[in-house]
Amino acid sequence: MATELKMPQMGYDMEEGTVVRWLKEEGSTVNRNEAVAEIETDKAVVEFESDSEGVLLKIVAPEGTIVPVGQTIAVVGNAGEEVGDVSDTLIEQTTAINDSETEDSDPADEPEQFHETTEVISGPSTGRILATPIARRIAEERRISLANVSGSGPGGRITKKDVEEYEPDLSSQSTSPVSLETTIPKETGNDSTLSVPVTFMPGEKQPISRMRQQIARVTVKSKTEKPHFYVSAEINMTNAMSLRKQINDQLKDDGVRLTVNDLIVKACIQALQKYPKFNAYYQDDGIQYNDKINIAVAIADNEGLIVPAILDCGEKSLRQISQMIKDLAERSSSGTLSPQEYTGGTFAISNLGMFDVSSFVAIIHPPQSAVLAVGTVSEKPIVIDGEIAVGQIMTATISADHRIVDGAEGAQFLIEVKRLLQSPTSFMV
494 MATELKMPQM GYDMEEGTVV RWLKEEGSTV NRNEAVAEIE TDKAVVEFES
544 DSEGVLLKIV APEGTIVPVG QTIAVVGNAG EEVGDVSDTL IEQTTAINDS
594 ETEDSDPADE PEQFHETTEV ISGPSTGRIL ATPIARRIAE ERRISLANVS
644 GSGPGGRITK KDVEEYEPDL SSQSTSPVSL ETTIPKETGN DSTLSVPVTF
694 MPGEKQPISR MRQQIARVTV KSKTEKPHFY VSAEINMTNA MSLRKQINDQ
744 LKDDGVRLTV NDLIVKACIQ ALQKYPKFNA YYQDDGIQYN DKINIAVAIA
794 DNEGLIVPAI LDCGEKSLRQ ISQMIKDLAE RSSSGTLSPQ EYTGGTFAIS
844 NLGMFDVSSF VAIIHPPQSA VLAVGTVSEK PIVIDGEIAV GQIMTATISA
894 DHRIVDGAEG AQFLIEVKRL LQSPTSFMV
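Numbered per my numbering, the sequence shown finishes at 922, counting up by one with no gaps.
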């Protein structure tokens, strides 16, 4: 019996997704849990896996089509099986959505051409320009002509990274734009940053991207529905920083380089094992405890913020955690996250230490119930046994859902994280 593959809800409050690329052709054999397509959500491009096995009988949504959550994008069944009119409703709905998205676009950039080839037709003088859908969208939002961008992808295709790193020649503009230097963290520790120039004209209104609209919906909903409370503490990171240096010196030939964030993630994992309420979420009929620890790590992009997770990390070593976080950041940048990594976080960490921020509070990312916000590690005078000394201090703040935990429990969790980071020998066990 034929099974319809539907656009999944890969993220809180996701309403629609774009089929970026099909990884299988019609007539191809499909295994259960095999990636068959790449789907672009408001924040990332993730692989879509089939929940059925058989033959890909029909691709209902061509590449580039915007599809509402829950609508059919393909049909899987037995070879030779007849496929009914599953696409009629979808075609009507996606046509309306795509028409509204492109009604103000250039006539030379028709949806049919975009859906079939992901090519942007820029006119007879420049010929055809190959670009991925997400690169095209970012270019439109920033008013960048793709004819001026060099593509690094296969066949010269322009990728998301190409558009993000494009620097326009402003010398020919009659009105000098205001330039902002925005530092974007490329890694998730306190160790490195990427400086991206952002320009705008005085008096100009910046269009709101789909990612920014999604962030607005999620944060408003979170702050409206979840009664946040906050608990902060200063943590003496002197021993943790010493341990980090020792490990990095010993394992540098193996390519291992621990970040501050790796140590914080490890401490949170062990604290969650002791205080599992912070790894749970609220439901009307009870508190649901997650059976695995999936630590979501906030990663900043020049469009906004995504919070992918390292999955089932409860029993992972510090070295394994470090490798998992680096791999997650790389695949987040390249758009190859799995749906589970994109949506499966059970607890989150947001680190702004690379911006030299001393402390801040973070908004909980639904359906999670807590997030730890950490600032930079800096040298400060401290008192040890009545003597003034210099310590490496970091401020951490836990934001938690008051429906699940109380202030005292928040304090207990945070002090456990503090204890672990101040005496990090348990990380090596």
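No residue lacks a Cβ here, since even glycine has one placed at the ideal position from N, Cα and C.
None of these values were measured; they are calculated from a predicted model.
- Drop a sphere of 10 angstroms on the beta-carbon of Asn-571, count the other beta-carbons inside from all chains shown, and report buried for 16 or more, exposed for fewer. Exposure of Asn-571 is indicated by the presence of fewer than 16 other C-beta atoms within 10 angstroms of its C-beta.
- Item | Inter-residue CB distance, Tyr-774 and Gln-781 (contact presumed, cutoff 8 angstroms) | 5 angstroms
- Query: Do the CB positions of Ser-919 and Gln-707 come within less than 8 angstroms of each other?
  - Reply: The beta carbons of Ser-919 and Gln-707 sit no closer together than 8 angstroms.
- Residues of its chain near Glu-838, where Cβ-Cβ distance is below 8 angstroms and the 5 sequence neighbours each way are ignored: Glu is not the amino acid found at residue 838; the sequence shown has Gly there. So the qualifying residues of the chain are Asn-787, Ile-788, Ala-789, Val-800, Pro-801, Ala-802, His-858 and Gln-861.
- Query: Between the region 748-762 and the region 713-724, do three or more beta carbon pairs fall short of 8 angstroms?
  - Reply: no
- How about the region 889-896 and the region 735-745: do they share at least three Cβ pairs that are nearer than 8 angstroms? no
- Item | Buried or exposed by the 16-neighbour rule on C-beta atoms within 10 Å, applied to Met-921 | exposed
- Item | C-beta contact flag for Thr-558 and Val-529 at 8 angstroms | It is not a contact, given that the beta carbons lie outside the stated cut-off.
- Would you say Cys-761 and Ile-651 are within 8 angstroms of each other, going by their C-beta atoms? no
- Which residues in the same chain as Ser-831 place their Cβ atom closer than 7 angstroms to its Cβ, once the five residues preceding and following it in sequence are excluded? Val-539 and Glu-540
- Message: Please report the straight-line C-alpha distance between Thr-587 and Gly-903, rounded to a whole angstrom.
- Response: A caution first: Thr-587 carries a pLDDT of 46, below 50, which makes its placement in the model unreliable, though a value can still be read off. Taking the straight line joining both Cα atoms gives about 46 angstroms.
- With DSSP run on the structure shown, which of helix, strand or coil describes Leu-639? helix
- Message: Within 10 Å of its beta-carbon, does Gly-779 have 16 or more other beta-carbons around it, so buried, or fewer, so exposed?
- Response: exposed
- Query: What does a CB cutoff of less than 6 angstroms around Ala-632 pick up in its chain, not counting 5 residues either side in sequence?
  - Reply: Leu-639 and Val-656
- Task: Grab the span of the alpha helix (DSSP H) containing Arg-705 for me, first residue to last.
- Result: 703-718
- Under 8 angstroms between the Cβ atoms of Ala-554 and Val-560? yes
- Exposed unless 16 or more other CB atoms sit within 10 angstroms - verdict on Pro-917: buried
- Item | Enclosing alpha helix (DSSP H) for Lys-873 [first to last residue] | Segment 871-877 is the beta strand (DSSP E) holding Lys-873; no alpha helix (DSSP H) there.
- In terms of residue numbering, what span does the alpha helix (DSSP H) encompassing Ser-725 cover? Careful: Ser-725 lies outside any alpha helix (DSSP H), inside the beta strand (DSSP E) at 721-729.
- Message: If distances are taken between C-alpha atoms only, which option among Glu-518, Val-758 and Cys-806 comes closest to Asn-844?
- Response: Val-758
- What do you get for Met-694, buried or exposed, if any count of 16 or more other CB atoms within 10 angstroms of its CB means buried? exposed
- Ser-843 lies in the beta strand (DSSP E); which residues open and close that run? It spans 840-844 - the beta strand (DSSP E) in which Ser-843 sits, taken as one unbroken run.
- Roughly how many angstroms lie between the CA atoms of Glu-909 and Ser-851, to the nearest whole one? Note on geometry: alpha-carbon atoms of Glu-909 and Ser-851 lie some 21 angstroms from one another.
- Task: For Met-494, name the three-state secondary structure that DSSP assigns.
- Result: Met-494 sits in coil when the DSSP states are folded into three classes, being neither helix nor strand.
- Val-576 and Leu-549: beta carbons closer than 8 angstroms? no
- Cα-Cα separation between Met-507 and Asp-535, rounded to whole angstroms: 7 angstroms
- Below 8 angstroms CB to CB, which residues in the same chain sit around Leu-491 once its five sequence neighbours on both sides are set aside? Nothing can be reported for residue 491, as the shown portion of the chain is limited to 494 through 922.
- Item | DSSP-derived helix/strand/coil call for Gln-564 | Under the three-state reduction of DSSP output, Gln-564 falls in the coil class, being neither helix nor strand.
- Do you know how far the Cα of Ala-863 is from the Cα of Glu-727? For Glu-727 and Ala-863, the distance between alpha carbons rounds to 18 angstroms.
- Item | Arg-636 classed as buried or exposed, judged by whether at least 16 other C-beta atoms fall within 10 angstroms | By the Cβ neighbour-count rule, Arg-636 is exposed, with fewer than 16 other Cβ atoms within 10 Å of its own.
- Query: For Asp-755, which residues of its own chain have a beta-carbon under 7 angstroms away from its beta-carbon, when the five flanking residues on both sides are left out?
  - Reply: Gly-682, Leu-811, Ile-814, Ser-815 and Ile-818
- Message: Could you tell me the alpha carbon to alpha carbon distance between Ile-627 and Gln-502, rounded to whole angstroms?
- Response: 19 angstroms
- Could you tell me the distance, in whole angstroms, from the CA atom of Gly-900 to the CA atom of Glu-872? 29 angstroms
- Counted within 10 angstroms of its Cβ, other Cβ atoms place Ser-618 as buried (16 or more) or exposed: Low per-residue confidence applies at Ser-618: pLDDT is 35, beneath 50, and the placement is therefore not dependable, though the value from the model is reported in the following sentence. Looking at its Cβ environment, which holds fewer than 16 other Cβ atoms inside 10 Å, Ser-618 is exposed.
- Query: Residues in its own chain within less than 6 angstroms of Glu-634 by CB, not counting five upstream and five downstream?
  - Reply: Pro-700 and Ser-702
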